[in-house]
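**Q** These protein sequences, in sequence, are chains A and B. Just add 118 to the spot in the first sequence (first one is 1) and you have the numbering used here. Just add 118 to the spot in the second sequence (first one is 1) and you have the numbering used here. Can you keep this structure in mind? I'll have questions shortly.
Number of protein chains: 2
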Amino acid sequence: MKKLAVVGATGLVGQELLALLKSDPKTSALKIDLFASQNYPDQKVLALDENWERLREADVIFNMASSETAQALREKKNPQQIVIDNSSAFRMDPEVPLVVPEINSELLAAKPKYIANPNCTTILLTLPLQVLKPLGLKRVIVATYQSASGAGKEGLEELRRQASGDDGGDYPVFGFPLHQNILSHNSRVRPEGQVGSGYNEEEWKVIEETRKILQIRHLPVSATCMRVPTERAHVEAVTVDLEENISLAEIRDLFLKAPGIRVVDNWTKNHFPMPLEAQKQGDVLVGRLRLDSGSDQTLHFILAGDQLLKGAALNAYQIYLAYLKYDNQNAS
Amino acid sequence: MKKLAVVGATGLVGQELLALLKSDPKTSALKIDLFASQNYPDQKVLALDENWERLREADVIFNMASSETAQALREKKNPQQIVIDNSSAFRMDPEVPLVVPEINSELLAAKPKYIANPNCTTILLTLPLQVLKPLGLKRVIVATYQSASGAGKEGLEELRRQASGDDGGDYPVFGFPLHQNILSHNSRVRPEGQVGSGYNEEEWKVIEETRKILQIRHLPVSATCMRVPTERAHVEAVTVDLEENISLAEIRDLFLKAPGIRVVDNWTKNHFPMPLEAQKQGDVLVGRLRLDSGSDQTLHFILAGDQLLKGAALNAYQIYLAYLKYDNQNAS
């Protein structure tokens, strides 16, 4: 796997992925072709539509672009090419593994040729849920505080224009002003008569993908996904009902040992997970750990994580590294 | 009740209350004395410490100041004076009615001399919960998105200083930057060994006061209270488990008829309750109504409400108006 390709290389997630690939000695010496919807000669980015043959030369393709691009990719790729797809196009396809390496990297042992990177909010949520899974997950309720950059460059720029007082009264990404405001997530609400009616598509991804990643098909999960006027990193307020009675000390200990999680839970200093400390970090910050005042089988906590990194580019990159490990094991 | 007094007249809530008193023909002609911690001669505000005798002339005292002031007031007031207290000092006192007029104004029929105005987040939450109460409240889980002005003028100014790039690295109100950030609520976390350990005081108010207002002593309520970088109005994401199977049409109908609530729930336009539309409004906006995907006994919704108005000054004013009604009934 000597040649990589990044599709959607000019987007926020594409840029984060490139930074990861270039900074890690494992990948910095590899040939990396960059693709986007159009040519950017100064950035050595090729228009995908005109360069499918070039794309077919890569061993591994990272799709950091849209679901439409993912559909085209899956049709046109060579059978031996490996795709790590950040779009939602095939996440719920039973034949496509949906991977958070800390949780289910063993799915890569079968060397699948198409791997889905989960939704950002879902990745951040499943890390602590996986830690709690041995205690018996009975029900999960989450409310999110999602930043503008979760809607890409356009979302980030829309918020910044408003903050600078220059929005022109036009909100193509969020529909309403996000500056000084809190909005229901900008994805479509599923209409009456459809499964998941009343949930928006972001919430529905959290619900379905969480079940798939944790391999608990009927786990009761509910989400309320909201946009807040922050630039980067998401926060989630989580309630988990468990089968077993728990102690806070035991839970804290489990989180302290968990890969990909950093506990930030200083009660006396009111120091808890927050976007300004989560951004540009690989770990998910977890804190405000407390038992329900009425039940020792219910845990409440909050988390903060960089949705562009662990929620997207870093998780995709970790999938690649985990894949390499399995590939090398087979080769040796 | 011809003479009113407002203590804490220079604070954000005091100012909102004054605006209400002066704009309503029922009260605009009354004599209203203003008190604060110090004299403001230009605003005709008297220092409370030097003017207790003057305060004792009022028929009704609104305390929009601190719990410490409330303690002093309760000791020093004349027995016939009526106090409507926005502080948390006596809210959980079994002898003090905790009133949201749409829910329990009948508590005023006994003509209590001391009445508590609930916590802002609690008032906004109890309005829709009261509507759902006939369906059997089994459990309530809420995550909040609370604006900077909930921490008073100082909180609002701290956020504004940061937004203008002039914070000096000092965050006396919130402890950490709130601009571009999401913070756990700035109240103290209840220490280990105490009832409600791990909850912060704001969350604990929501839990205890909700039970008292709804008169369901052991109702399972849990709250996660967070600060968001907005200036005014709070948002809450609410999950309610009910005893009965419900239909969305039935719930929407109940909310449409409920006093103090305005339904904002346009699925196709993604138009839902938001701070910019809730601020300076008396009603609580309710929307994102949906049944849990796994249970017809669970409702999810969000609300947005002006915490300075219905969450504080307006509710206090409505208590006064409801009291007047009972007073006039007895007189006639």
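Glycine included, each C-beta is placed from N, C-alpha and C at the ideal position. Remember, it's a predicted structure, so these values are computed and weren't measured experimentally.
Rounded to a whole number of angstroms, what is the C-alpha to C-alpha distance between residue 242 of chain B and residue 298 of chain A?
**A** Here residue 242 of chain B corresponds to residue number 124 of the second sequence, with the count starting at 1. Here residue 298 of chain A corresponds to residue number 180 of the first sequence, with the count starting at 1. Those two C-alpha atoms are separated by around 20 Å.
**Q** Residues in its own chain within less than 6 Å of residue 261 of chain B by CB, not counting five upstream and five downstream?
**A** As a first step, residue 261 of chain B is located in the second sequence; it is residue number 143 there, counting from the start. Closer than 6 Å at the Cβ level, and outside the excluded window around residue 261 of chain B, lie 342 and 355.
**Q** Thinking just about the alpha-carbon of each residue, which of A/333, A/212, A/263 and A/271 is nearest to the one in residue 254 of chain A?
**A** As a first step, residue 254 of chain A is located in the first sequence; it is residue number 136 there, counting from the start. Considering only alpha carbons, the answer is A/333.
**Q** I'd like to know if residue 269 of chain A contacts chain B, where contact means its C-beta is closer than 7 Å to some C-beta of that chain.
**A** Your numbering for residue 269 of chain A matches position 151 in the first sequence. It does not: the Cβ of residue 269 of chain A has no partner Cβ on chain B nearer than 7 Å.
**Q** Suppose the cutoff is 6 Å on Cβ atoms and the five residues either side in sequence are ignored; what does the same chain contact list for residue 452 of chain A look like?
**A** There is no way to answer for residue 452 of chain A, as the model of chain A reaches only from 119 to 450.
**Q** Identify, in the order they occur along the chain, each residue of the same chain with its Cβ nearer than 7 Å to the Cβ of residue 189 of chain A, setting aside the five sequence neighbours on each side.
**A** Counting from 1 along the first sequence, the entry for residue 189 of chain A is found at position 71. Only 207 meet the Cβ criterion.
**Q** Hey, would you say the C-beta of residue 214 of chain A is under 6 Å away from at least one heavy atom of the ligand NAD?
**A** Among the components of this structure there are no ligands whatsoever, and the ligand NAD is therefore not found.
**Q** Nearest CA to the CA of residue 145 of chain B: which residue from B/122, B/409, B/165 and B/130?
**A** Translated into the one-based positions of the second sequence, residue 145 of chain B becomes position 27. Cα-wise, what sits closest to residue 145 of chain B is B/122.
**Q** Determine, for residue 347 of chain A, whether the minimum Cβ-Cβ distance to residues of chain B falls below 7 Å.
**A** Residue numbering aside, residue 347 of chain A sits at position 229 when the first sequence is read from its first letter. Yes, its Cβ sits closer than 7 Å to a Cβ of chain B.
**Q** Determine the burial state of residue 371 of chain B: buried for a count of at least 16 other Cβ atoms within 10 Å of its Cβ, exposed for fewer.
**A** Position 253 of the second sequence, counting from 1, holds the residue named residue 371 of chain B. By the 10 Å Cβ count, residue 371 of chain B comes out exposed.
**Q** Counting only runs that start and end within the region 235 to 267 of chain A, where is the beta strand (DSSP E) found for 3 or more residues in a row?
**A** Correct list: 255 to 263.
**Q** Is there a C-beta anywhere in chain B that falls below 7 Å from the one on residue 287 of chain A?
**A** In the first sequence, residue 287 of chain A corresponds to position 169, counting from 1. With 7 Å as the cut-off, residue 287 of chain A does not count as an interface residue toward chain B.
**Q** What span of residues does the beta strand (DSSP E) with residue 181 of chain A cover, start to end?
**A** Here residue 181 of chain A corresponds to residue number 63 of the first sequence, with the count starting at 1. Its beta strand (DSSP E) spans residues 178 to 181.
**Q** Contact check, residue 364 of chain B vs residue 409 of chain B under 8 Å by CB: the rounded distance?
**A** Walking along the second sequence from the start, residue 364 of chain B turns up at place 246. Walking along the second sequence from the start, residue 409 of chain B turns up at place 291. Residue 364 of chain B to residue 409 of chain B, Cβ: 7 Å. Contact.
**Q** Closer than 8 Å by beta-carbon distance: list the chain A residues that pair up with residue 146 of chain B, in chain order.
**A** Within the second sequence, numbered from 1, the residue matching residue 146 of chain B stands at position 28. Those within 8 Å of residue 146 of chain B in chain A number zero; the least Cβ separation is about 31 Å.
**Q** If the cut is a Cβ gap below 7 Å, which residues of chain A does residue 206 of chain B touch?
**A** Start at 1 with the first residue of the second sequence, and residue 206 of chain B comes out as number 88. Residues of chain A passing the Cβ test: none, with the nearest at roughly 18 Å.
**Q** How would you call residue 174 of chain A, buried or exposed, if buried means at least 16 neighbouring beta carbons within 10 angstroms?
**A** Your numbering for residue 174 of chain A matches position 56 in the first sequence. By the neighbour-count rule (16 or more Cβ atoms within 10 Å), residue 174 of chain A is not buried but exposed.
**Q** Which residues bound the alpha helix (DSSP H) around residue 482 of chain B?
**A** No statement about residue 482 of chain B is possible, as the shown extent of chain B runs from 119 to 450 and does not include it.
**Q** Could you tell me the alpha carbon to alpha carbon distance between residue 238 of chain B and residue 134 of chain A, rounded to whole angstroms?
**A** Translated into positions along the second sequence, residue 238 of chain B becomes position 120. Translated into positions along the first sequence, residue 134 of chain A becomes position 16. Roughly 41 Å between the two C-alpha positions.
**Q** Show which residues of chain B have a CB atom less than 8 Å away from the CB atom of residue 344 of chain A.
**A** As a first step, residue 344 of chain A must be located in the first sequence, where it is residue number 226. Result: 263, 353, 355 and 420.
**Q** Going by the beta-carbon positions, is the gap between residue 240 of chain B and residue 327 of chain B smaller than 7 Å?
**A** As a working mapping, residue 240 of chain B is identified with position 122 in the second sequence. As a working mapping, residue 327 of chain B is identified with position 209 in the second sequence. Contact: yes.
**Q** Report yes or no: do three or more beta-carbon pairs, one from the region 151 to 162 of chain B and one from the region 390 to 400 of chain B, lie closer than 8 Å?
**A** No contact exists between the region 151 to 162 of chain B and the region 390 to 400 of chain B.
**Q** Less than 7 Å between C-beta atoms, sequence neighbours within five positions excluded: which residues of the same chain meet that for residue 294 of chain B?
**A** Numbered from 1 along the second sequence, position 176 holds the residue referred to as residue 294 of chain B. Excluding positions up to five away in sequence, the list reads 301.
**Q** Is it buried or exposed for residue 318 of chain B, if we count other Cβ within 10 angstroms and need 16 for buried?
**A** Along the second sequence, read from residue 1 onward, the residue named residue 318 of chain B stands at position 200. Flag for residue 318 of chain B reads buried.
**Q** Is it a yes or a no for the region 374 to 392 of chain B touching the region 419 to 426 of chain B, going by three-plus beta-carbon pairs under 8 Å?
**A** These segments touch.
**Q** If you follow the beta strand (DSSP E) that residue 415 of chain A is part of, which residue opens it and which one closes it?
**A** Translated into the one-based positions of the first sequence, residue 415 of chain A becomes position 297. First-last of the beta strand (DSSP E) with residue 415 of chain A: 413 to 423.
**Q** According to DSSP, is residue 153 of chain A helix, strand or coil?
**A** Looking up residue 153 of chain A in the first sequence gives position 35. Note: residue 153 of chain A maps to strand in three-state DSSP.
**Q** What in chain A is Cβ-close to residue 457 of chain B, meaning under 8 Å?
**A** The structure shown does not extend to residue 457 of chain B, since chain B spans only 119 to 450, so no value can be given for it.
**Q** With three or more C-beta pairs closer than 8 Å as the rule, is the region 228 to 236 of chain A touching the region 426 to 434 of chain A?
**A** Touching, yes, given that three or more Cβ pairs across the two stretches are closer than 8 Å.
**Q** Determine the direct distance from the alpha carbon of residue 348 of chain A to that of residue 128 of chain A, and round the result to whole angstroms.
**A** The residue you call residue 128 of chain A lines up with position 10 of the first sequence. The residue you call residue 348 of chain A lines up with position 230 of the first sequence. The alpha-carbon atoms of residue 128 of chain A and residue 348 of chain A are separated by roughly 22 Å.
**Q** Whole angstroms is fine: what's the gap from residue 178 of chain A's alpha carbon to residue 308 of chain A's?
**A** Along the first sequence, one-based indexing puts residue 178 of chain A at 60. Along the first sequence, one-based indexing puts residue 308 of chain A at 190. Those two C-alpha atoms are separated by around 34 Å.
**Q** Straight-line CA distance for residue 304 of chain A to residue 171 of chain A?
**A** As a position in the first sequence, residue 304 of chain A is number 186, starting the count at 1. As a position in the first sequence, residue 171 of chain A is number 53, starting the count at 1. Approximately 36 Å between the Cα atoms of the pair.
**Q** For chain B, find out if any of its Cβ atoms is closer than 7 Å to the Cβ of residue 150 of chain A; answer yes or no.
**A** Residue numbering aside, residue 150 of chain A sits at position 32 when the first sequence is read from its first letter. Residue 150 of chain A does not count as touching chain B.
**Q** In terms of residue numbering, what span does the alpha helix (DSSP H) encompassing residue 319 of chain A cover?
**A** Sequence index remark: in the first sequence, residue 319 of chain A carries index 201 (1-based). 319 to 332 is the extent of the alpha helix (DSSP H) around residue 319 of chain A.
**Q** Provide the residue(s) that pair with residue 359 of chain A in DSSP beta bridges, ordered along the chain.
**A** Looking up residue 359 of chain A in the first sequence gives position 241. Its beta-bridge partners are A/257 and A/416.
**Q** Shortest alpha-carbon distance to residue 155 of chain A belongs to which of A/229, A/259 and A/132?
**A** As a first step, residue 155 of chain A must be located in the first sequence, where it is residue number 37. Closest option to residue 155 of chain A, Cα to Cα, is A/132.
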